[in-house]
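Right, dumping it as C-alpha coordinates:
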(Lines of atoms letter the chains of each structure in order from A and count residues from 1; the text may use other names and numbers.)
(Lines give C-alpha, C1' and ligand atoms only; values in the text may rest on other atoms or scores of the structure.)
Protein backbone atom coordinates (compact mmCIF):
# COMPACT_ATOMS: atom_id res chain seq x y z
CA UNK A 1 0.00 0.00 0.00
CA UNK A 2 1.35 3.42 -1.03
CA UNK A 3 2.14 5.66 1.90
CA UNK A 4 0.06 8.80 2.06
CA UNK A 5 1.90 12.04 1.51
CA UNK A 6 0.93 15.57 2.48
CA UNK A 7 1.37 18.94 0.80
CA UNK A 8 1.11 22.08 2.89
CA UNK A 9 -0.09 25.41 1.46
CA UNK A 10 0.61 28.61 3.36
CA UNK A 11 -0.69 31.90 1.94
CA UNK A 12 1.70 34.65 2.98
CA UNK A 13 1.04 38.35 3.40
CA UNK A 14 3.62 40.37 5.31
CA UNK A 15 4.59 37.23 7.17
CA UNK A 16 8.36 37.61 7.01
CA UNK A 17 8.90 37.50 10.81
CA UNK A 18 7.16 34.14 11.16
CA UNK A 19 8.02 32.18 8.00
CA UNK A 20 11.25 30.53 9.08
CA UNK A 21 9.76 29.36 12.36
CA UNK A 22 6.62 27.93 10.80
CA UNK A 23 8.63 26.09 8.13
CA UNK A 24 11.22 24.69 10.53
CA UNK A 25 8.57 23.53 13.00
CA UNK A 26 6.56 21.91 10.22
CA UNK A 27 9.57 20.04 8.88
CA UNK A 28 10.56 18.95 12.38
CA UNK A 29 7.13 17.52 13.24
CA UNK A 30 6.90 15.69 9.92
CA UNK A 31 10.09 13.67 10.35
CA UNK A 32 8.58 11.02 12.61
CA UNK A 33 4.85 11.66 12.11
CA UNK A 34 3.97 11.83 8.40
CA UNK A 35 5.44 12.01 4.91
CA UNK A 36 5.84 15.67 3.98
CA UNK A 37 5.70 16.05 0.21
CA UNK A 38 6.15 19.81 -0.04
CA UNK A 39 5.51 23.17 1.56
CA UNK A 40 4.12 25.77 -0.82
CA UNK A 41 4.54 29.38 0.30
CA UNK A 42 2.35 31.76 -1.70
CA UNK A 43 3.33 35.42 -1.33
CA UNK A 44 0.24 37.55 -1.95
CA UNK A 45 2.24 40.62 -3.01
CA UNK A 46 3.54 41.39 0.48
CA UNK A 47 4.89 44.84 1.22
CA UNK A 48 7.61 43.48 3.53
CA UNK A 49 10.52 41.15 2.67
CA UNK A 50 8.46 37.95 2.71
CA UNK A 51 9.57 36.97 -0.80
CA UNK A 52 13.23 37.31 0.21
CA UNK A 53 12.63 34.99 3.18
CA UNK A 54 10.87 32.50 0.90
CA UNK A 55 13.88 32.52 -1.42
CA UNK A 56 16.19 31.85 1.53
CA UNK A 57 13.98 28.97 2.68
CA UNK A 58 14.01 27.56 -0.85
CA UNK A 59 17.83 27.62 -0.82
CA UNK A 60 17.88 25.81 2.55
CA UNK A 61 15.25 23.22 1.56
CA UNK A 62 15.33 23.01 -2.25
CA UNK A 63 13.29 19.81 -2.44
CA UNK A 64 10.58 20.63 0.09
CA UNK A 65 9.93 24.33 -0.53
CA UNK A 66 8.03 25.84 -3.46
CA UNK A 67 7.59 29.59 -3.61
CA UNK A 68 4.97 31.51 -5.59
CA UNK A 69 4.88 35.30 -5.89
CA UNK A 70 1.60 36.91 -7.00
CA UNK A 71 1.45 39.83 -9.43
CA UNK A 72 -0.79 41.72 -7.00
CA UNK A 73 -2.79 41.13 -3.85
CA UNK A 74 -5.60 38.71 -4.76
CA UNK A 75 -6.74 37.65 -1.29
CA UNK A 76 -6.20 34.64 0.93
CA UNK A 77 -8.62 32.21 -0.70
CA UNK A 78 -7.54 33.03 -4.24
CA UNK A 79 -3.85 32.52 -3.57
CA UNK A 80 -4.61 29.35 -1.63
CA UNK A 81 -6.11 28.03 -4.87
CA UNK A 82 -2.86 28.93 -6.62
CA UNK A 83 -0.95 26.87 -4.09
CA UNK A 84 -3.37 23.96 -4.39
CA UNK A 85 -2.76 23.79 -8.14
CA UNK A 86 0.92 23.15 -7.45
CA UNK A 87 0.38 20.34 -4.91
CA UNK A 88 1.22 16.71 -5.58
CA UNK A 89 0.61 15.04 -2.21
CA UNK A 90 -2.26 12.70 -1.37
CA UNK A 91 -3.79 15.33 0.90
CA UNK A 92 -3.41 19.09 1.16
CA UNK A 93 -3.19 20.99 4.44
CA UNK A 94 -3.78 24.73 4.49
CA UNK A 95 -2.72 27.00 7.30
CA UNK A 96 -2.10 30.70 7.99
CA UNK A 97 1.31 32.29 8.24
CA UNK A 98 0.90 33.97 11.66
CA UNK A 99 1.19 30.88 13.90
CA UNK A 100 -2.31 31.16 15.35
CA UNK A 101 -2.31 27.41 14.80
CA UNK A 102 0.66 25.28 15.74
CA UNK A 103 2.32 23.18 13.02
CA UNK A 104 2.44 20.40 15.61
CA UNK A 105 -1.36 20.15 15.36
CA UNK A 106 -1.09 18.98 11.75
CA UNK A 107 -0.89 15.45 13.08
CA UNK A 108 -4.33 15.93 14.70
CA UNK A 109 -5.85 16.70 11.28
CA UNK A 110 -4.16 13.65 9.78
CA UNK A 111 -5.29 11.30 12.56
CA UNK A 112 -8.86 12.64 12.42
CA UNK A 113 -8.97 11.98 8.66
CA UNK A 114 -7.70 8.44 9.08
CA UNK A 115 -10.30 7.75 11.77
CA UNK A 116 -13.25 9.30 9.94
CA UNK A 117 -12.16 8.74 6.31
CA UNK A 118 -13.57 12.21 5.61
CA UNK A 119 -12.75 14.23 2.50
CA UNK A 120 -12.18 17.33 4.60
CA UNK A 121 -11.08 17.84 8.19
CA UNK A 122 -11.27 21.25 9.85
CA UNK A 123 -9.26 22.31 12.85
CA UNK A 124 -11.88 23.72 15.20
CA UNK A 125 -10.87 26.16 17.91
CA UNK A 126 -12.55 25.48 21.23
CA UNK A 127 -11.41 28.85 22.50
CA UNK A 128 -9.74 31.60 20.51
CA UNK A 129 -7.08 33.88 21.93
CA UNK A 130 -7.96 36.99 19.95
CA UNK A 131 -8.38 40.41 21.43
CA UNK A 132 -11.84 41.92 21.76
CA UNK A 133 -11.44 44.10 18.67
CA UNK A 134 -10.58 41.17 16.40
CA UNK A 135 -13.53 39.17 17.77
CA UNK A 136 -15.85 42.10 17.08
CA UNK A 137 -14.43 42.50 13.57
CA UNK A 138 -15.11 38.84 12.78
CA UNK A 139 -18.62 38.81 14.23
CA UNK A 140 -20.42 40.36 11.18
CA UNK A 141 -18.95 37.72 8.87
CA UNK A 142 -19.91 34.86 11.20
CA UNK A 143 -23.50 36.08 11.35
CA UNK A 144 -23.74 36.19 7.56
CA UNK A 145 -22.11 32.79 7.16
CA UNK A 146 -24.55 31.19 9.61
CA UNK A 147 -27.50 32.68 7.73
CA UNK A 148 -26.48 31.45 4.27
CA UNK A 149 -24.66 28.21 5.01
CA UNK A 150 -23.99 25.27 7.25
CA UNK A 151 -21.77 25.13 10.29
CA UNK A 152 -18.61 24.10 8.43
CA UNK A 153 -18.11 27.68 7.25
CA UNK A 154 -18.13 29.07 10.77
CA UNK A 155 -17.04 26.19 13.00
CA UNK A 156 -14.06 25.45 10.82
CA UNK A 157 -11.01 27.54 10.05
CA UNK A 158 -8.32 28.08 7.46
CA UNK A 159 -6.46 25.25 9.21
CA UNK A 160 -7.85 22.34 7.22
CA UNK A 161 -6.99 19.10 5.48
CA UNK A 162 -8.52 18.42 2.06
CA UNK A 163 -8.28 15.35 -0.14
CA UNK A 164 -6.19 16.43 -3.13
CA UNK A 165 -8.62 15.42 -5.88
CA UNK A 166 -11.36 17.47 -4.20
CA UNK A 167 -9.02 20.41 -3.61
CA UNK A 168 -8.02 20.44 -7.28
CA UNK A 169 -11.69 20.56 -8.29
CA UNK A 170 -12.22 23.52 -5.99
CA UNK A 171 -9.20 25.39 -7.37
CA UNK A 172 -10.14 24.63 -10.98
CA UNK A 173 -13.76 25.77 -10.60
CA UNK A 174 -12.83 28.96 -8.73
CA UNK A 175 -14.12 32.28 -10.03
CA UNK A 176 -12.57 35.71 -9.47
CA UNK A 177 -14.15 35.59 -6.03
CA UNK A 178 -13.73 32.25 -4.29
CA UNK A 179 -14.58 31.28 -0.73
CA UNK A 180 -13.05 27.85 -0.26
CA UNK A 181 -15.24 26.74 2.64
CA UNK A 182 -18.38 27.56 0.66
CA UNK A 183 -17.16 25.62 -2.39
CA UNK A 184 -16.21 22.64 -0.20
CA UNK A 185 -19.85 22.44 0.90
CA UNK A 186 -20.91 22.33 -2.77
CA UNK A 187 -18.80 19.22 -3.41
CA UNK A 188 -19.00 17.11 -0.27
CA UNK A 189 -20.73 16.49 3.03
CA UNK A 190 -17.91 14.24 4.20
CA UNK A 191 -16.52 16.79 6.62
CA UNK A 192 -15.00 16.12 10.03
CA UNK A 193 -13.79 18.39 12.81
CA UNK A 194 -11.03 18.07 15.34
CA UNK A 195 -10.30 20.42 18.20
CA UNK A 196 -6.94 22.18 17.98
CA UNK A 197 -5.25 24.80 20.08
CA UNK A 198 -5.42 28.47 19.19
CA UNK A 199 -2.56 30.82 19.94
CA UNK A 200 -2.37 34.63 19.87
CA UNK A 201 -1.47 35.86 16.41
CA UNK A 202 2.11 37.00 15.97
CA UNK A 203 0.75 39.74 13.74
CA UNK A 204 0.27 43.15 15.36
CA UNK A 205 -3.00 43.88 13.55
CA UNK A 206 -5.50 41.86 11.54
CA UNK A 207 -5.53 42.06 7.74
CA UNK A 208 -9.31 42.22 7.93
CA UNK A 209 -10.86 45.51 8.99
CA UNK A 210 -14.55 45.84 9.80
CA UNK A 211 -15.17 47.05 6.25
CA UNK A 212 -13.27 44.10 4.78
CA UNK A 213 -15.22 41.59 6.85
CA UNK A 214 -18.55 43.20 5.97
CA UNK A 215 -17.56 43.15 2.31
CA UNK A 216 -16.49 39.51 2.57
CA UNK A 217 -19.79 38.62 4.22
CA UNK A 218 -21.67 40.42 1.45
CA UNK A 219 -19.67 38.61 -1.23
CA UNK A 220 -20.41 35.25 0.40
CA UNK A 221 -24.13 36.04 0.48
CA UNK A 222 -24.31 37.14 -3.16
CA UNK A 223 -22.11 34.36 -4.57
CA UNK A 224 -23.50 31.49 -2.55
CA UNK A 225 -27.10 32.35 -1.81
CA UNK A 226 -30.29 33.73 -3.30
CA UNK A 227 -31.21 35.08 0.12
CA UNK A 228 -31.14 38.80 -0.88
CA UNK A 229 -33.34 38.20 -3.92
CA UNK A 230 -35.78 36.12 -1.86
CA UNK A 231 -35.87 38.82 0.81
CA UNK A 232 -36.54 41.49 -1.80
CA UNK A 233 -39.33 39.38 -3.27
CA UNK A 234 -41.01 38.97 0.12
CA UNK A 235 -40.62 42.64 1.05
CA UNK A 236 -41.88 43.71 -2.37
CA UNK A 237 -44.93 41.50 -2.06
CA UNK A 238 -45.76 42.73 1.45
CA UNK A 239 -45.36 46.38 0.47
CA UNK A 240 -47.44 45.93 -2.69
CA UNK A 241 -50.17 44.08 -0.82
CA UNK A 242 -50.24 46.74 1.90
CA UNK A 243 -50.46 49.53 -0.64
CA UNK A 244 -53.26 47.68 -2.44
CA UNK A 245 -55.28 47.40 0.75
CA UNK A 246 -54.72 51.09 1.54
CA UNK A 247 -55.81 52.01 -1.98
CA UNK A 248 -59.00 49.93 -1.67
CA UNK A 249 -59.72 51.52 1.70
CA UNK A 250 -59.56 55.09 0.36
CA UNK A 251 -61.41 54.16 -2.84
CA UNK A 252 -64.31 52.74 -0.83
CA UNK A 253 -64.41 55.87 1.36
CA UNK A 254 -64.59 58.09 -1.70
CA UNK A 255 -67.08 56.09 -3.80
CA UNK A 256 -69.49 54.69 -1.26
CA UNK A 257 -69.36 57.08 1.67
CA UNK A 258 -68.54 60.29 -0.17
CA UNK A 259 -65.82 61.05 2.35
CA UNK A 260 -63.09 63.32 0.97
CA UNK A 261 -59.69 61.64 1.07
CA UNK A 262 -57.30 63.85 3.05
CA UNK A 263 -53.63 63.44 3.67
CA UNK A 264 -51.10 64.96 1.31
CA UNK A 265 -48.31 64.18 3.78
CA UNK A 266 -49.37 60.53 3.95
CA UNK A 267 -49.31 60.37 0.16
CA UNK A 268 -45.77 61.76 0.01
CA UNK A 269 -44.58 59.34 2.69
CA UNK A 270 -46.15 56.42 0.81
CA UNK A 271 -44.55 57.44 -2.48
CA UNK A 272 -41.09 57.98 -1.00
CA UNK A 273 -41.25 54.71 0.93
CA UNK A 274 -42.30 52.79 -2.19
CA UNK A 275 -39.58 54.49 -4.22
CA UNK A 276 -37.02 53.52 -1.61
CA UNK A 277 -38.10 49.88 -1.81
CA UNK A 278 -37.85 49.99 -5.62
CA UNK A 279 -34.36 51.52 -5.53
CA UNK A 280 -33.21 48.98 -2.94
CA UNK A 281 -34.55 46.15 -5.09
CA UNK A 282 -32.79 47.50 -8.17
CA UNK A 283 -29.58 47.75 -6.14
CA UNK A 284 -29.75 44.09 -5.11
CA UNK A 285 -30.48 42.99 -8.67
CA UNK A 286 -27.65 45.20 -9.92
CA UNK A 287 -25.26 43.55 -7.45
CA UNK A 288 -26.11 40.12 -8.83
CA UNK A 289 -25.77 41.36 -12.41
CA UNK A 290 -22.38 42.82 -11.54
CA UNK A 291 -21.18 39.47 -10.20
CA UNK A 292 -22.47 37.71 -13.31
CA UNK A 293 -20.58 40.21 -15.49
CA UNK A 294 -17.36 39.76 -13.53
CA UNK A 295 -17.56 35.98 -13.82
CA UNK A 296 -18.45 36.00 -17.52
CA UNK A 297 -15.63 38.50 -18.11
CA UNK A 298 -13.15 35.77 -17.11
CA UNK A 299 -11.32 37.90 -14.57
CA UNK A 300 -8.31 35.95 -13.30
CA UNK A 301 -8.49 34.18 -9.96
CA UNK A 302 -4.79 34.88 -9.51
CA UNK A 303 -1.69 35.70 -11.55
CA UNK A 304 1.76 34.37 -10.69
CA UNK A 305 4.77 36.63 -11.25
CA UNK A 306 7.51 34.26 -10.09
CA UNK A 307 7.81 30.62 -9.14
CA UNK A 308 10.78 29.00 -7.45
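Residue numbers (my numbering): 1 to 308.
All C-beta atoms, glycine included, are put in the ideal place defined by N, C-alpha and C.
Would residue 120 and residue 184 be called neighbours here (beta carbons separated by less than 7 Å)? yes
How do the segment 61-79 and the segment 41-53 stand: do at least 3 beta-carbon pairs fall below 8 Å, yes or no? yes
For residue 15, write down the residues that DSSP places opposite it in a beta bridge. Per DSSP, none; premise fails for residue 15.
Provide the residue span of the alpha helix (DSSP H) that contains residue 181, from first to last. 180-187
With 16 as the cutoff for other CB atoms within 10 Å, does residue 23 come out buried or exposed? buried
Please report the distance separating the alpha-carbon of residue 249 from that of residue 285. 32 Å
Relative to the C-alpha of residue 303, which residue among 65, 59, 74 and 20 is closest? Distance from the Cα of residue 303 is smallest, within the candidate group 65, 59, 74 and 20, for 74.
Mapping the DSSP letters down to three states, classify residue 68 as helix, strand or coil. In this structure, residue 68 counts as strand in the three-state DSSP scheme.
One or two residues paired with residue 43 in a DSSP bridge: 12 and 69
My guess is that residue 93 and residue 6 are in contact by the Cβ rule of under 8 Å, so how many angstroms apart are they, rounded? 6 Å
Member of 48, 80, 40 and 82 whose CA lies at the smallest distance from the CA of residue 62: 40
When DSSP builds the beta bridges, which residues end up paired with residue 7? Note: residue 7 sits in a beta bridge opposite 38 and 92.
Cα separation between residue 105 and residue 280? 47 Å
To the nearest angstrom, report how far apart residue 256 and residue 242 are at their CA atoms. So the alpha carbons of these two residues sit roughly 21 Å apart.
With distance defined between alpha-carbon atoms, name the residue in 159, 66 and 11 nearest to residue 81. When each option's Cα is compared against that of residue 81, the closest is 11.
Rounding to the nearest angstrom, what Cα-Cα distance links residue 110 and residue 171 in this structure? 21 Å
Keeping to the same chain, check which residues put their C-beta closer than 6 Å to that of residue 53; ignore five residues upstream and five downstream. 16 and 19
Among 245, 116, 194 and 84, whose alpha-carbon lies nearest the alpha-carbon of residue 38? 84
Whole-angstrom C-beta distance between residue 308 and residue 58, which should lie under 8 Å: Correct: roughly 5 Å between the Cβ atoms.
Which two residues bound the contiguous alpha helix (DSSP H) that contains residue 109? 106-116
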